[in-house]
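Take a look at the structure below.
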Amino acid sequence: MLPQGIISVFKRELHSIISDKAYLAVAVLLPLLMILFFGVMFYRGTIEELPIAVVDRDHSVMSRKLQSMIDATKGAKIAYQPHSMAEAEALMLGGDVVAILYIDDGFEEDIYRGVSTMVECYLLGTNLSTSGVVERDVQQTVETFSAGIALSKLQSMGVGYSQAMADIMPISIDTHIISNPYLNYGYYLAPIFMIMGMVIFTVLSSVYAIGRELRYATAREWLLSARNSLLCGVIGKLLPITLSMFLLSELIYVILFVVMGMECEGSLLYLSVATLILILSYQAVAIAIISVTANMRLGLSLGGGYSVMAFTFSGITFPTIAMFGVARVVSKLFPLTYFSEIFIGQAMRGTPLYIETTKLLFMMLFWVLVPLSWRRLHRMVESEKYWGRE
Amino acid sequence: MRRAFIEELKLILSDGGAMLILLFAMLIYTTIYSIAYGAEVVESVDIAVVDEDHTPTSRKLIEGLRSGPNTRVGYEPQSIAEAQNLFYRNDIYGIVVIPNGFERRLLSSKSATISLILDGSHLLLYRQVFEQAVTDALTQGAEVEAGYLVAMGADDITIRSIVEPVRLSKHILYNRSMGYGSFVMPSIVVVIIQQTLLIGVAMVAVRRRKESNIGWGGCVKKVVGVSLVYVCVYGVNLTIILLTVWQVFGFPMNGNIISVALLMLLYIIASASLAQALSHLFHRRETPILMLLWSSVPILLLAGVSYPREAFSEWLYIIGRVLPSSSAVDGFIRLNSMGASLYDIRTELVNITILAILYSLLAIILEKRASINKNSCR
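Chains as they are written, first to last, in our numbering: chain A, 261 to 650; chain B, 20 to 397.
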């Protein structure tokens with residue numbers, strides 16, 4: 261059975277959560293809202309039908325055939341057919357198209373004359389997500405179109421169909437994608453966005469839970485309720501948040517693996533354990549932050565900044581391995597970095613568990629922050645000079 | 020108005036927490052994010068090649084993959100199982116398998132197949148590896164094809180017209196290196212302006228709201244005066260960032276300075292007045308951080324740029340338009356990164372202007388109401 265001190269602080273904390281609207285919001289309501297938001301945001305998960313402009317100066321059967329092939333791809337949709345490049349560029353600057361395709365006069369003639377010809381594609385470099393999708397689809401379409409021409413040319417030279425195919429494509433590529441096989445952006449982004457949301461609120465609510473006792477000078481009451489044991493006080497206080505966040509993380513997994521239809525390749529149990537360790541690591545960071553700052557508002561600013569930034573450094577958007585050396589080092593300072601590797605390993609790749617263990621231990625290293633900040637926390641709770649600071 | 024201006028400035032300067040958020044956070048966050056994203060391009064991604072063929076032809080293909088620039092052959096394991104283990108350990112992000120008989124098939128003019136095992140769990144890495152492997156295989160394939168045609172006695176022009184009848188020539192506009200930082204940083208800096216304003220202004224307002232009995236004129240002066248403070252503060256901040264961080268990291272700056280300044284002026288007014296209106300919700304100085312900090316990432320997504328609008332529901336995108344940041348992100352990238360004119364971003368400009376007016380009116384009305392409530396309390 262739990263010590264009496266923990267139980268009474270736990271009850272006192274539940275009461276605070278219910279009676280303080282701001283507390284209830286950060287510990288339960290807002291994280292829930294954020295998770296649902298990301299669920300809706302990434303539900304579709306594919307980037308489709310991006311609007312492009314085609315400037316067709318050739319107006320031939322061939323140029324129209326190429327256009328309809330491009331229009332039929334998943335990624336691109338021909339939204340405009342301007343008469344000149346100037347008009348097309350105005351569309352791009354106006355934000356109406358993400359790419360311009362230019363087919364020059366003489367396109368068809370070159371093909372019939374047996375001269376190598378060219379199609380120009382202008383991509384919007386300021387948006388990597390859209391230009392990546394359009395580039396891939398346009399590239400593949402032009403290659404297919406080109407291969408079709410080569411094929412008929414070879415056949416007209418008297419080469420048989422299967423030999424002609426082998427001649428055109430001597431080296432063919434057989435692609436297997438072993439994790440996230442449909443290249444779904446939702447599966448790739450939603451999990452870590454949701455977990456990041458949970459992490460932000462873990463830190464904010466934990467800093468707030470301890471900070472409010474100092475801010476409103478109720479630290480003595482808190483300690484009294486813990487039977488004068490700071491350890492019982494901290495455990496009883498942070499436990500409701502741990503539980504709430506853990507339940508939210510399980511909800512995240514329900515949304516991902518049931519609602520959004522993601523497959524879990526590895527162990528869901530292991531993932532849940534890792535999530536619990538992640539929550540505890542961020543709570544340890546929160547204890548350190550409030551102890552160092554001894555000021556709730558400053559603690560919230562720093563804690564909030566720290567947890568939002570973890571997302572950037574976790575490498576899910578821009579990969580850690582490509583970052584500058586100094587950023588790669590900084591990325592090690594966030595438990596989320598280790599967790600996102602574990603998540604990808606378990607949810608998407610089915611990585612053997614023994615490989616993941618080191619990462620789990622790295623996350624646990626953050627727990628050391630608790631004993632390190634303990635003395636200072638003790639002093640703050642005991643001494644009135646730390647209380648009432650805004 | 021001058022009184023409101025000076026009073027607000029004093030309130031900011033007398034509160035370390037507000038100073039941190041309103042004066043310094045923008046510079047701090049922008050610098051840190053730029054360090055994370057500043058490397059711009061993903062190069063030399065480690066892959067493994069399992070060469071079962073061990074012939075000059077297979078070595079040549081490996082050489083191509085080795086010289087990159089997108090990939091680097093970090094390992095040449097003996098078996099696929101070994102390669103898979105490297106993959107689980109995050110040592111490599113893709114595996115190329117060249118099967119036994121690769122060269123033999125090519126020499127006897129049969130088509131040979133190589134296997135590409137890719138990781139879709141990180142789409143940026145996936146793209147780099149895929150592109151490199153496909154380019155190298157196609158290049159080598161084209162050489163082999165040309166060889167066959169020479170053997171058939173074809174001339175140079177015929178060879179070219181068969182190897183590559185239609186070629187795609189790609190041009191990248193406005194951000195030639197396709198840098199990641201150049202792609203996301205403009206959106207991030209715009210969102211940071213709004214978010215620090217929402218939190219900081221509310222924090223200051225909790226201490227400010229002590230007066231009562233002000234007429235409509237007083238309320239107007241107050242709201243305008245306060246907004247002006249932030250126009251100055253953020254104007255200076257943004258200038259510093261564009262002159263330092265943007266230059267150091269080489270982020271695109273193709274815009275007309277006056278156009279950019281006009282857009283940002285409207286945007287800061289819209290955000291500062293929205294912040295003033297929202298500030299009436301808070302009565303304690305810590306609640307704005309608790310309630311608003313989380314929203315930065317969702318708001319960045321709602322702008323529909325870094326995560327394109329075509330990828331999520333139209334209604335979500337439309338809801339996002341009530342935030343000044345959504346139009347400003349779009350407008351700022353087009354003006355400053357792409358060099359568009361004010362006419363090109365007219366929709367965004369109109370939208371931000373409407374929001375600036377609406378939110379200022381709302382802030383004035385709420386200010387008036389707050390002063391009435393104060394009276395009735397007494």
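Using N, Cα and C, we set each Cβ at its ideal position, and we do this for glycine too.
Note that the coordinates shown come from a computational prediction; the quantities given were computed from them, not determined experimentally.
Between which two residues does the beta strand (DSSP E) holding residue i run?
i: Ala-131 (chain B); result: 131-138
i: Val-264 (chain B); result: Val-264 (chain B) -> not in any beta strand (DSSP E); alpha helix (DSSP H) instead, spanning 264-268.
i: Pro-451 (chain A); result: That residue, Pro-451 (chain A), is in no beta strand (DSSP E); its alpha helix (DSSP H) goes 445-475.
i: Asp-316 (chain A); result: 310-316
i: Glu-650 (chain A); result: No beta strand (DSSP E) contains Glu-650 (chain A), which DSSP labels as neither H nor E.
i: Met-378 (chain A); result: 377-384
Rounded to a whole number of angstroms, what is the C-alpha to C-alpha distance between residue i and residue j?
i: Arg-397 (chain B); j: Val-225 (chain B); result: Confidence in Arg-397 (chain B) is poor, its pLDDT being 42 and thus under 50, which makes the residue's placement unreliable; the coordinate value appears in the next sentence. Going by the C-alpha atoms only, they are around 19 Å apart.
i: Leu-41 (chain B); j: Met-222 (chain B); result: 10 Å
i: Ala-152 (chain B); j: Tyr-107 (chain B); result: 20 Å
i: Val-375 (chain A); j: Gly-521 (chain A); result: 49 Å
i: Ser-332 (chain B); j: Ser-345 (chain B); result: 15 Å
i: Leu-637 (chain A); j: Leu-319 (chain B); result: 36 Å
i: Thr-90 (chain B); j: Leu-135 (chain B); result: 13 Å
i: Val-163 (chain B); j: Asp-427 (chain A); result: 8 Å
i: Asn-119 (chain B); j: Ser-127 (chain B); result: 14 Å
i: Val-255 (chain B); j: Tyr-48 (chain B); result: 16 Å
i: Leu-508 (chain A); j: Tyr-94 (chain B); result: 41 Å
i: Thr-535 (chain A); j: Phe-149 (chain B); result: 32 Å
i: Ile-384 (chain B); j: Ile-581 (chain A); result: 52 Å
i: Glu-26 (chain B); j: Ala-287 (chain A); result: 35 Å
i: Trp-334 (chain B); j: Ile-66 (chain B); result: 42 Å
i: Leu-398 (chain B); j: Asp-110 (chain B); result: Because chain B here runs from 20 to 397, residue 398 (chain B) falls outside it and cannot be looked at.
i: Ser-434 (chain A); j: Ile-133 (chain B); result: Just to set this straight, residue 434 (chain A) is Asp in the shown sequence, not Ser. Their Cα atoms are separated by approximately 6 Å.
i: Ala-322 (chain B); j: Glu-309 (chain A); result: 18 Å
In the structure shown, what three-state DSSP assignment does residue i receive?
i: Ala-336 (chain A); result: strand
i: Ser-432 (chain A); result: strand
i: Arg-91 (chain B); result: strand
i: Met-640 (chain A); result: helix
i: His-190 (chain B); result: strand
i: Asp-70 (chain B); result: strand
i: Ser-4 (chain B); result: This structure leaves residue 4 (chain B) out entirely; chain B is present only between 20 and 397.
i: Ile-576 (chain A); result: coil
i: Ala-224 (chain B); result: helix
i: Leu-342 (chain B); result: coil
i: Met-329 (chain A); result: helix
i: Leu-80 (chain B); result: helix
i: Arg-397 (chain B); result: Here Arg-397 (chain B) scores only 42 on pLDDT, less than 50, and its place in the model should not be relied on; the value that follows carries that caveat. Three-state DSSP puts Arg-397 (chain B) in coil, outside helix and strand.
i: Gly-113 (chain B); result: strand
i: Ala-37 (chain B); result: helix
i: Leu-262 (chain A); result: coil
i: Cys-524 (chain A); result: coil
i: Ile-233 (chain B); result: coil
i: Val-203 (chain B); result: helix
i: Val-185 (chain B); result: strand
i: Asp-356 (chain A); result: coil
Which residue's Cα is closest to the Cα of residue i: the options?
i: Thr-406 (chain B); options: B:Ala-131, B:Ile-54, B:Ser-290, B:Phe-43; result: Residue coverage of chain B in this structure runs from 20 to 397, which leaves residue 406 (chain B) outside it and unanswerable.
i: Gly-585 (chain A); options: B:Glu-26, B:Ala-55, B:Ile-233; result: B:Ala-55
i: Arg-123 (chain B); options: A:Ile-431, A:Ser-323, A:Pro-612; result: A:Ile-431
i: Glu-525 (chain A); options: A:Ile-455, A:Arg-396, A:Tyr-447, A:Gly-564; result: A:Tyr-447
i: Ala-336 (chain A); options: A:Gly-299, A:Ser-323, A:His-343, A:Leu-383; result: A:Leu-383
i: Met-569 (chain A); options: B:Trp-313, B:Gly-35, B:Ala-294; result: B:Trp-313
i: Gln-400 (chain A); options: B:Leu-28, B:Val-208, B:Leu-187, B:Asp-34; result: B:Leu-187
i: Gly-610 (chain A); options: A:Gly-648, A:Val-494, A:Gly-471, A:Ile-438; result: A:Ile-438
i: Ser-527 (chain A); options: A:Ala-282, A:Gly-605, A:Thr-618, A:Ile-278; result: A:Gly-605
i: Gln-97 (chain B); options: B:Ile-288, B:Pro-205, B:Leu-144, B:Val-69; result: B:Val-69
Would the beta-carbon of residue i be found less than 8 Å away from any heavy atom of the ligand GTP?
i: Ser-328 (chain A); result: Inclusion of the ligand GTP in the displayed structure is not the case, the ligand content being empty and no account of it being possible.
Counting along the chain, where does the alpha helix (DSSP H) carrying residue i start and finish?
i: Tyr-372 (chain A); result: 367-373
i: Met-307 (chain A); result: A small correction: the amino acid at residue 307 (chain A) is Ile; Met does not occupy that position in the sequence shown. Where Ile-307 (chain A) is concerned, there is no enclosing alpha helix (DSSP H), given that its DSSP letter is neither H nor E.
i: Ile-363 (chain A); result: Premise fails: Ile-363 (chain A) lies in the beta strand (DSSP E), 359-363, not in any alpha helix (DSSP H).
i: Gln-103 (chain B); result: 99-107
i: Ser-389 (chain A); result: 388-416
Contacting positions in the region 441-474 of chain A - beta carbon closer than 9 Å to chain B: Pro-441, Tyr-442, Leu-443, Asn-444, Tyr-445, Gly-446, Tyr-447, Tyr-448, Leu-449, Phe-453, Met-456, Gly-457, Ile-460, Phe-461, Leu-464, Ser-465, Tyr-468, Gly-471, Arg-472
For the region 259-275 of chain B, enumerate the residues whose C-beta is nearer than 9 Å to any C-beta of chain A, in chain order. Pro-271
Taking only beta carbons into account, state which residues of the region 306-332 of chain B come closer than 9 Å to chain A, listed in chain order. Thr-306, Ile-308, Leu-309, Met-310, Leu-312, Trp-313, Ser-314, Ser-315, Val-316, Pro-317, Leu-320, Leu-321, Val-324, Ser-325, Tyr-326, Pro-327, Glu-329, Ala-330, Phe-331, Ser-332
If the cut-off is 9 Å on Cβ atoms, which residues from the region 371-395 of chain A count as contacting chain B, listed in chain order? Ile-371, Arg-373, Gly-374, Val-375, Ser-376, Thr-377, Met-378, Val-379, Glu-380, Cys-381, Tyr-382, Leu-383, Leu-384, Gly-385, Thr-386, Asn-387, Leu-388, Ser-389, Thr-390, Ser-391, Gly-392, Val-393, Glu-395
Of all the residues that make up the region 168-186 of chain B, which are near chain A by a beta-carbon distance shorter than 9 Å? Leu-168, Met-171, Ala-173, Ile-176, Thr-177, Arg-179, Ser-180, Ile-181, Val-182, Glu-183, Pro-184, Val-185, Arg-186
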